[in-house]
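Chains as they are written, first to last, in the numbering used here: chain E, 1 to 177; chain U, 1001 to 1169.
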């Protein structure tokens, strides 16, 4: 289940997750792209944040091992509030990218506009593990954070000293292509 | 996030509602920026300030089209702090803002905006805005005779963050 919300103002939101798996010699083993699910609690958190009803802090990316059970992928759902099986917690780096795209669409004239919240992080694997899910959270694991997005994917086998690099783009825009 | 909004405006004279209308608003570029900035900023937003103004129409009475890159009203008149709430609805959440502002019967209020700070402060950002047929014009059109010198301008503003019917976000 991918997520894209389209509004009657032409405003939509979507999340794009890129995961790069590198071995201990920094050689890329795989690169995959996914669309995430923004969960219900994530929507609520955003709604409350613009009213200053939440204490915002540094975003964290959690990764887990519960995205595949008995060789079947367990879909992320809007009602999810946690990873299926937590493995590790990474403090993410965030930046806001504002794009005033060229061109116009339709009549009257609409100028496309896009804001990207880019969340990046990297995890050094310390022992063999099969990873199959990730999520964006509002704080660290020990602080009972709120999950904003969730994504499960096919299991990837990571060996000791491999690296998982994540770039997660939440895009909010008008007339996005 | 199906991020759109509606404003419902009413004119009330001595407890009698003499006019009510709803319009879709325009969410500005700064409004879109704020949705994400609110997740990571050290300086929290609080979009609860509603400004009303008198510059929403041209001299010939035609309403101005709100542009996405605007960040203020055309002619500020007054502001109030809205009562706010976040309500779960079928496929997402609704953020509600409510305010009642007394205005003289002869002031033609025809624009409205939702802001993060009071009018007099720095770093004011406008989340959404709309123009509409003015309060004086409405009263005249209804051929209504106000009882007193002031009326109540009631604002119900709703911003929706929704998932598509299919369950997608």
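Using N, Cα and C, we set each Cβ at its ideal position, and we do this for glycine too.
Since we're looking at a predicted model, the values are computed, not measured.
Are at least three pairs of beta-carbons, each pair with one atom in the segment 147–158 of chain E and one in the segment 19–35 of chain E, less than 8 Å apart?
yes
If you reduce the DSSP assignment to three classes, tell me which class residue 1072 of chain U lands in.
For the purposes of this step, residue 1072 of chain U is taken as the residue at position 72 of the second chain. Here residue 1072 of chain U sits in coil by DSSP.
Report buried or exposed for residue 171 of chain E, applying the criterion of at least 16 other Cβ atoms within 10 angstroms of its Cβ.
Your numbering for residue 171 of chain E matches position 171 in the first chain. Flag for residue 171 of chain E reads buried.
Let me see if you follow: with CB-CB separation under 9 Å, is residue 43 of chain E close to chain U or not?
Indexing the first chain from 1 puts residue 43 of chain E at position 43. For residue 43 of chain E, the answer is yes, since a Cβ of chain U falls inside 9 Å of its Cβ.
Contact between the segment 1091–1101 of chain U and the segment 128–138 of chain E: three or more CB pairs below 8 Å?
no
For residue 121 of chain E and residue 166 of chain E, which I take to be in contact (beta-carbon distance under 8 Å), what is that distance rounded to the nearest angstrom?
Taking the first residue of the first chain as position 1, residue 121 of chain E is located at position 121. Taking the first residue of the first chain as position 1, residue 166 of chain E is located at position 166. So it is a contact: roughly 5 Å between Cβ atoms.
Ignoring anything shorter than 4 residues or poking outside the segment 9–85 of chain E, list the alpha helix (DSSP H) runs there in chain order.
40–49
Specify the secondary structure class of residue 1096 of chain U as computed by DSSP and reduced to three states.
Within the second chain, numbered from 1, the residue matching residue 1096 of chain U stands at position 96. Of the three classes helix, strand and coil, the one that applies to residue 1096 of chain U here is strand, per DSSP.
Taking a contact to mean a Cβ-Cβ separation below 9 Å, would you say residue 179 of chain E touches residue 132 of chain E in this structure?
The requested residue 179 of chain E is not part of the displayed model; chain E covers only 1 to 177.
Listed from N- to C-terminal order along the chain, which residues in the segment 66–83 of chain E have their beta-carbon within a distance smaller than 7 Å of any beta-carbon of chain U?
78
In chain order, what residues of the same chain have a beta carbon less than 6 Å from the beta carbon of residue 127 of chain E, not counting five sequence neighbours either side?
Numbered from 1 along the first chain, position 127 holds the residue referred to as residue 127 of chain E. Within the same chain, residue 127 of chain E has close Cβ partners 160.
Restricting to Cα atoms, I'd like to know which of U/1006, U/1004, U/1150 and U/1134 is closest to residue 1060 of chain U.
Indexing the second chain from 1 puts residue 1060 of chain U at position 60. Comparing Cα positions, the closest option is U/1134.
Cα-Cα, which of E/38, E/158, E/130 and E/61 is closest to residue 70 of chain E?
Here residue 70 of chain E refers to the residue found at position 70 of the first chain. Looking at the Cα atoms, E/130 is the closest of the given residues.
Is residue 99 of chain E closer than 9 Å to residue 116 of chain E when the C-beta atoms are compared?
For the purposes of this step, residue 116 of chain E is taken as residue 116 along the first chain, with counting starting at 1. For the purposes of this step, residue 99 of chain E is taken as residue 99 along the first chain, with counting starting at 1. Taking 9 Å as the Cβ cut-off, residue 116 of chain E and residue 99 of chain E qualify as a contacting pair.
Determine the DSSP secondary structure at residue 1006 of chain U, reduced to helix, strand or coil.
For this step, residue 1006 of chain U is matched to residue 6 along the second chain. Looking at residue 1006 of chain U - three-state DSSP - the assignment turns out to be strand.
Using the Cβ count rule (16 or more neighbours within 10 Å means buried), how would you classify residue 1039 of chain U?
Here residue 1039 of chain U corresponds to residue number 39 of the second chain, with the count starting at 1. Per the 10 Å Cβ criterion, buried.
For residue 1163 of chain U, decide whether its Cβ has a neighbour in chain E, counting only Cβ atoms nearer than 9 Å.
Here the question's residue 1163 of chain U lines up with position 163 in the second chain. Answer yes: the Cβ-Cβ gap between residue 1163 of chain U and chain E drops below 9 Å somewhere.
When you compare the CB positions of residue 1245 of chain U and residue 1052 of chain U, do they come within less than 9 Å of one another, or not?
The requested residue 1245 of chain U is not part of the displayed model; chain U covers only 1001 to 1169.
How would you list, in chain order, the residues of chain U whose beta-carbon sits under 8 Å from the beta-carbon of residue 46 of chain E?
Here the question's residue 46 of chain E lines up with position 46 in the first chain. The answer, in chain order, is 1001, 1035, 1038, 1039 and 1161.
Name the chain E residues whose beta carbon is nearer than 7 Å to that of residue 1092 of chain U?
The residue given as residue 1092 of chain U occupies position 92 in the second chain. Under the 7 Å cutoff, chain E gives 43.
Just the chain E side, please: which residues come within less than 7 Å of residue 1029 of chain U by C-beta, in chain order?
Position 29 of the second chain, counted from the first residue, corresponds to residue 1029 of chain U. Residues of chain E whose Cβ lies closer than 7 Å to the Cβ of residue 1029 of chain U are, in chain order, 113.
Give a yes or no on whether the C-beta atoms belonging to residue 1138 of chain U and residue 1012 of chain U are separated by under 9 Å.
In the second chain, counting from the first residue as 1, residue 1138 of chain U sits at position 138. In the second chain, counting from the first residue as 1, residue 1012 of chain U sits at position 12. Result no, Cβ atoms of residue 1138 of chain U and residue 1012 of chain U do not sit closer than 9 Å.
Does residue 1095 of chain U have its Cβ less than 9 Å from a Cβ in chain E?
Position 95 of the second chain, counting from 1, holds the residue named residue 1095 of chain U. Chain E, which has a Cβ nearer than 9 Å to the Cβ of residue 1095 of chain U, makes this yes.
Hey, residue 1026 of chain U and residue 1129 of chain U are a contact pair by Cβ (cut 8 Å); roughly how many whole angstroms apart?
Within the second chain, residue 1026 of chain U is the residue found at index 26, counting from 1. Within the second chain, residue 1129 of chain U is the residue found at index 129, counting from 1. So it is a contact: roughly 6 Å between Cβ atoms.
Could you tell me the distance, in whole angstroms, from the CA atom of residue 113 of chain E to the CA atom of residue 123 of chain E?
For this step, residue 113 of chain E is matched to residue 113 along the first chain. For this step, residue 123 of chain E is matched to residue 123 along the first chain. So the alpha carbons of these two residues sit roughly 33 Å apart.
Only counting the same chain, and skipping five residues up and downstream in sequence, which positions put a Cβ closer than 7 Å to that of residue 1029 of chain U?
By 1-based counting over the second chain, the position of residue 1029 of chain U is 29. These residues qualify, in order along the chain: 1068 and 1069.
Could you please give the first and the last residue of the uninterrupted beta strand (DSSP E) stretch that includes residue 1150 of chain U?
Looking up residue 1150 of chain U in the second chain gives position 150. Segment 1150–1162, the beta strand (DSSP E) holding residue 1150 of chain U.
Please report the residue range of the beta strand (DSSP E) in which residue 169 of chain E lies.
Counting from one through the first chain, the residue named residue 169 of chain E turns up at place 169. Unbroken beta strand (DSSP E) run through residue 169 of chain E: 163–174.
How is residue 141 of chain E classed by DSSP in three states: helix, strand or coil?
For this step, residue 141 of chain E is matched to residue 141 along the first chain. The answer is helix: DSSP assigns residue 141 of chain E an H, G or I state.
What residue does the beta strand (DSSP E) around residue 1131 of chain U start on, and which one ends it?
Here residue 1131 of chain U refers to the residue found at position 131 when the second chain is read from its first residue. Going by DSSP, residue 1131 of chain U is part of the beta strand (DSSP E) stretching over 1126–1131.
Which residues does DSSP pair with residue 98 of chain E in a beta bridge?
As a working mapping, residue 98 of chain E is identified with position 98 in the first chain. Note: residue 98 of chain E sits in a beta bridge opposite E/115.
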